[in-house]
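Asker: Numbered by the numbering used here, the letters in the sequence shown go through residues 3 to 176 in order.
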Amino acid sequence: MVLFLGNLSAAQEQKPESALDFTLTDFNGKSRSLSDFRGKVIVLFFGYTSCPDICPTTIIEMKNVLNQLGKEAEKVRMLFITVDPQRDTQKIMKEFLGFHDSRILGLREDLDKIRKVTDLFKVRFKKRDDGSASGYLVGHTSSTFLIDKQGVLKNKLRFKTSIDEIVDEIKKLF
Numbered sequence: 003m004v005l006f007l008g009n010l011s012a013a014q015e016q017k018p019e020s021a022l023d024f025t026l027t028d029f030n031g032k033s034r035s036l037s038d039f040r041g042k043v044i045v046l047f048f049g050y051t052s053c054p055d056i057c058p059t060t061i062i063e064m065k066n067v068l069n070q071l072g073k074e075a076e077k078v079r080m081l082f083i084t085v086d087p088q089r090d091t092q093k094i095m096k097e098f099l100g101f102h103d104s105r106i107l108g109l110r111e112d113l114d115k116i117r118k119v120t121d122l123f124k125v126r127f128k129k130r131d132d133g134s135a136s137g138y139l140v141g142h143t144s145s146t147f148l149i150d151k152q153g154v155l156k157n158k159l160r161f162k163t164s165i166d167e168i169v170d171e172i173k174k175l176f
């Protein structure tokens with residue numbers, strides 16, 4: 003099911019040209035701002051590489067979305083922002099995303115900077131120790147965000163939205 007954000011913030015409703023922006027470090031150590039990707043539709047999601055269910059499912063879905071888009075995938079940039087920077091080093095993120103799909107760019111930073119970005123998108127996350135082999139899990143918002151070519155947040159997709167619906171929503175932003 004798709005959740006439309008017809009009522010974004012009052013500032014975005016009144017000034018659609020007011021784009022979102024933030025700067026984090028990619029898994030190659032390069033500083034990246036959201037504005038670096040202007041001109042492309044951004045598909046953004048939050049998670050962590052040790053996630054047992056939501057994150058691997060979302061990454062597989064995003065790979066399938068890119069595959070279904072075919073050549074039009076060049077018009078899209080997928081960004082994965084870790085909510086577990088303690089464990090998700092640049093190397094781990096690069097290996098994890100490279101294993102799944104190298105077209106998905108991983109971003110990380112220290113926890114304070116990550117919180118500023120999650121606050122921007124109203125994403126919640128919390129570390130919880132449940133006695134798992136990994137030491138802890140991180141409960142987190144499982145939505146995927148669609149940002150238009152000008153950097154304006156246009157849509158929030160719920161976890162398990164169908165591949166066809168995601169592709170249709172992305173194409174509306176071309």
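No residue lacks a Cβ here, since even glycine has one placed at the ideal position from N, Cα and C.
Quantities reported herein were computed from a predicted structural model and do not represent experimental measurements.
Spatial neighbours of L99 within its chain, please: CB distance less than 6 Å, with the 5 preceding and 5 following residues excluded, ordered by chain position.
Answerer: Answer for L99: I106, G108, listed in chain order.
Asker: Need the endpoints of the alpha helix (DSSP H) that N157 sits in, please.
Answerer: First-last for N157: 155-159, but that is the beta strand (DSSP E), not the alpha helix (DSSP H).
Asker: At 3 residues or longer, what runs of the beta strand (DSSP E) sit wholly inside the region 81-143?
Answerer: Qualifying beta strand (DSSP E) stretches, in chain order: 106-110, 127-130, 139-142.
Asker: With burial defined as no fewer than 16 other Cβ atoms inside 10 Å of the residue's Cβ, what is the status of N157: buried or exposed?
Answerer: Classification of N157: buried, given that the 10 Å Cβ count is 16 or more.
Asker: Under three-state DSSP, which class holds F24?
Answerer: Three-state result, F24: coil.
Asker: Taking the alpha-carbon positions, what's the I116 to V85 distance?
Answerer: Cα to Cα, I116 sits roughly 7 Å from V85.
Asker: Tell me, to the nearest whole angstrom, how far the beta carbon of L122 is from that of L26; I am working on the premise that it is less than 8 Å.
Answerer: That pair is no contact at about 12 Å.
Asker: With DSSP as the reference, please indicate the residues paired to F39 in a beta bridge.
Answerer: Bridge partners of F39: none, in fact.
Asker: Taking the straight line between their C-alpha atoms, what separation do you get for D90 and K129?
Answerer: Roughly 14 Å separates the two Cα atoms.
Asker: Looking at the unbroken beta strand (DSSP E) that takes in T146, where does it start and where does it end?
Answerer: Unbroken beta strand (DSSP E) run through T146: 146-149.
Asker: Whose C-beta lies closer than 8 Å to the C-beta of P58 among residues of the same chain, with five residues either side of it excluded?
Answerer: The answer, listed in chain order, is H102.
Asker: What is the C-beta distance between V45 and T146, in whole angstroms, given that I count them as a contact (C-beta under 8 Å)?
Answerer: Yes, V45 and T146 are in contact; Cβ-Cβ is about 6 Å, under 8 Å.
Asker: Taking its Cβ as the centre, do 16 or more other Cβ atoms sit within 10 Å of L36, making it buried, or is it exposed?
Answerer: L36 is buried by the Cβ-count criterion.
Asker: Note down, in chain order, each residue of its chain lying with its Cβ closer than 8 Å to the Cβ of K180, except the 5 sequence neighbours on either side.
Answerer: Residue numbering for the chain in the displayed model covers 3 to 176; residue 180 lies beyond these limits and cannot be assessed.
Asker: Report, in whole angstroms, the separation of the C-beta atoms of L159 and I168, which I expect to be a contact under 8 Å.
Answerer: Confirmed, Cβ separation roughly 6 Å.
Asker: Quick one: using the 10 Å Cβ neighbour count with 16 as the cut-off for buried, is G49 buried or exposed?
Answerer: By the neighbour-count rule (16 or more Cβ atoms within 10 Å), G49 is buried.
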